[in-house]
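*Asks:*
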Amino acid sequence: MSLKDRVADILGKDLVALNEFRGDLCIEVPKGRIVQVLAKLKEEGGFDFLSDLFGVDNLDLYAKAAKKKKKSQEESEDTGETKGKESVQPRFEVIYLLLSLSTNERLQVMVRVPEDDLELPTVTGLWKAANWPEREVFDMFGIRFKGHPNLRRLLMWDEFQDHPLRKDYPLEGKGEERHLNYDIA
Amino acid sequence: MKFQAIQGEGWLLTKAEQLINWGRSRSPWPFPYGTACCGIELMCALASGYDMARFGAERVAFTPRQCDVLIEAGTITKKMVPVLKRIYAQMAEPKWVIAVGACACSGGVFRTYSTQQGIGSVIPVDIYIPGCPPRPEGILYALLKLIDKIEADHPLYKQRPKLIEALEAYK
Ligand code: SF4
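Listed in order, the protein sequences are those of chains A and B.
Under my numbering, the letters of the first sequence match residues 1 to 185, in that order.
Under my numbering, the letters of the second sequence match residues 186 to 356, in that order.
(1) Could you give the distance in angstroms between the alpha-carbon of B/SER233 and the alpha-carbon of B/LYS330?
(2) Of all the options B/CYS223, B/VAL282 and B/LYS356, which has the alpha carbon lying nearest to the alpha carbon of B/ARG320?
(3) Report all residues from its chain with a CB closer than 8 Å to the CB of B/PRO309; omit the five preceding and five following residues, and keep chain order.
(4) Return yes when the Cβ of B/GLY303 is within less than 9 Å of the Cβ of B/GLY259, no when it is not.
(5) Counting only beta-carbon atoms, is A/GLY84 nearer than 9 Å to chain B?
(6) Could you name the residues of the same chain whose beta carbon sits closer than 8 Å to that of B/ASP311, not counting the 5 residues immediately before and after it, in chain order?
(7) Please report the straight-line C-alpha distance between B/ASN206 and B/TYR342, rounded to a whole angstrom.
(8) How should B/GLU257 be labelled, buried or exposed, when 16 other C-beta atoms within 10 angstroms of its C-beta is the threshold for buried?
(9) Mind checking who A/ASP24 pairs with in its DSSP beta bridge?
(10) At a cut-off of 8 Å, is A/PRO114 close to the ligand SF4 when judged by its beta-carbon and the heavy atoms of the ligand?
(11) Is B/THR260 a contact residue of the ligand SF4, with contact defined as CB to any heavy atom under 8 Å?
(12) Mind listing the chain A neighbours of B/PRO267? Cutoff is C-beta to C-beta under 8 Å, in chain order.
(13) Would you say A/MET1 reaches chain B, if we count a Cβ-Cβ gap shorter than 9 Å as a contact?
(14) Identify the contact partners of B/TYR218 in chain A, using a Cβ-Cβ distance below 9 Å as the criterion.
(15) Does the ligand SF4 have even one heavy atom less than 8 Å from the beta-carbon of B/VAL285?
(16) Should the stretch 165-184 of chain A be regarded as contacting the stretch 202-217 of chain B, the criterion being three or more beta carbon pairs within less than 8 Å?
(17) Any beta carbon from chain A within less than 9 Å of B/THR248's own beta carbon?
(18) Starting from B/GLU257, trace the alpha helix (DSSP H) in both directions and tell me its first and last residue.
(19) How many angstroms separate the CA atom of B/CYS288 from the CA atom of B/ARG211?
(20) What do you reckon, are the CB atoms on A/LEU118 and A/ILE27 nearer than 9 Å?
(21) First and last residue of the beta strand (DSSP E) that includes A/VAL7?
(22) Just to check my reading of the structure: A/VAL16 and A/VAL109 have Cβ atoms closer than 8 Å, yes? What is that Cβ distance to the nearest angstrom?
(23) Measure from the alpha carbon of B/GLY208 to the alpha carbon of each residue in B/GLU336, B/PHE247 and B/GLU350, then state which is nearest.
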């Protein structure tokens, strides 16, 4: 049984999309079920190792689609027709890279996070290794992980306000500076 | 009697200055502040192949209290800036700073939100070395330049009003 079939078998209707590209299997799962899905993959699929966890900001990709949708909606309001129902994908993605140490198989699990609900449940309960990557995703994209034991910034300093890997944050920054108040007499 | 030696370009003052400068320029103990890849070149310059100790940088001081030259080799992130400032503040006078490499001089290739665009805006820098990274010869050349600079200094001249005051009080 190929990995594809096995994953489809394990997940059942939690599988939103499945995409195979040059031997890499990427699956999409619903946002609310992410912990259950990963637990199932860990228990039944044998994916016992979380090699990485990261975020993606698809601002440019979906800005166009959102514009198009708005336009077609306006048109349909004008004409009274109901078209332009195609949904716009949420802006952010969080991707979990899993590895099975016994069979040496890899799997990408992707979950889409909309801009107006930037919260995911933490998976630190399944893999302790998720602790720092989740902090990094919070630092860089502002996605909060509910239940995380220590959700503070990992790379930028604590007083930093923005989330710099978002595509609408300027590369050169907004002139933030770090100040510490040492007692230098 | 006036104290000519102190008021004019007197013999005592210039000779004392020469003595002080001789001592300072022959022992610029470095503080190796290597934060990125330039630090590797600095290690190379300090090690036996290039042997920076030939020029008096004999003892690498891993505490800012015991060093004269802060050699800043590598990228300084904005998160690191307060640390750099603090280390500079902890160094005892007289102190000098060498900025090694494009990153320390200007931010280099990292024109980003997280990188300080040159340490010159944070602490006073005496010598800038260009290059990404500069070769160990570049670092040695900078040290020689710094030695020239120290030798051309007038450590007592700046103190002249204080010295005159002290001598007048003594008289
Ligand atoms: S100047 Fe070049 S070699 Fe030196 S720290 Fe920067 S990137 Fe590295």
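The beta-carbon is built from N, C-alpha and C at its ideal position, and this holds for glycine as well.
Small disclaimer: the values here were computed from a predicted structure and weren't measured.
*Replies:* Based on what the coordinates show:
(1) 21 Å
(2) B/CYS223
(3) VAL282
(4) no
(5) For A/GLY84, the predicted model reports a pLDDT of 48, less than 50, meaning its position is unreliable; a value from the coordinates is still stated below. Not closer than 9 Å to any Cβ of chain B, the Cβ of A/GLY84 fails to qualify, so no.
(6) TRP281, VAL282, ILE283, LEU331 and LYS334
(7) 12 Å
(8) buried
(9) A/PHE21
(10) no
(11) yes
(12) ARG178, HIS179, LEU180 and TYR182
(13) no
(14) Correct list: empty, because the minimum Cβ distance to chain A is about 17 Å.
(15) yes
(16) no
(17) no
(18) Not the alpha helix (DSSP H): B/GLU257 falls in the beta strand (DSSP E), residues 254-258.
(19) 28 Å
(20) no
(21) From DSSP, A/VAL7 is part of no beta strand (DSSP E) but of the alpha helix (DSSP H) over 3-11.
(22) No, A/VAL16 and A/VAL109 are not in contact; Cβ-Cβ is about 11 Å, not under 8 Å.
(23) B/GLU336
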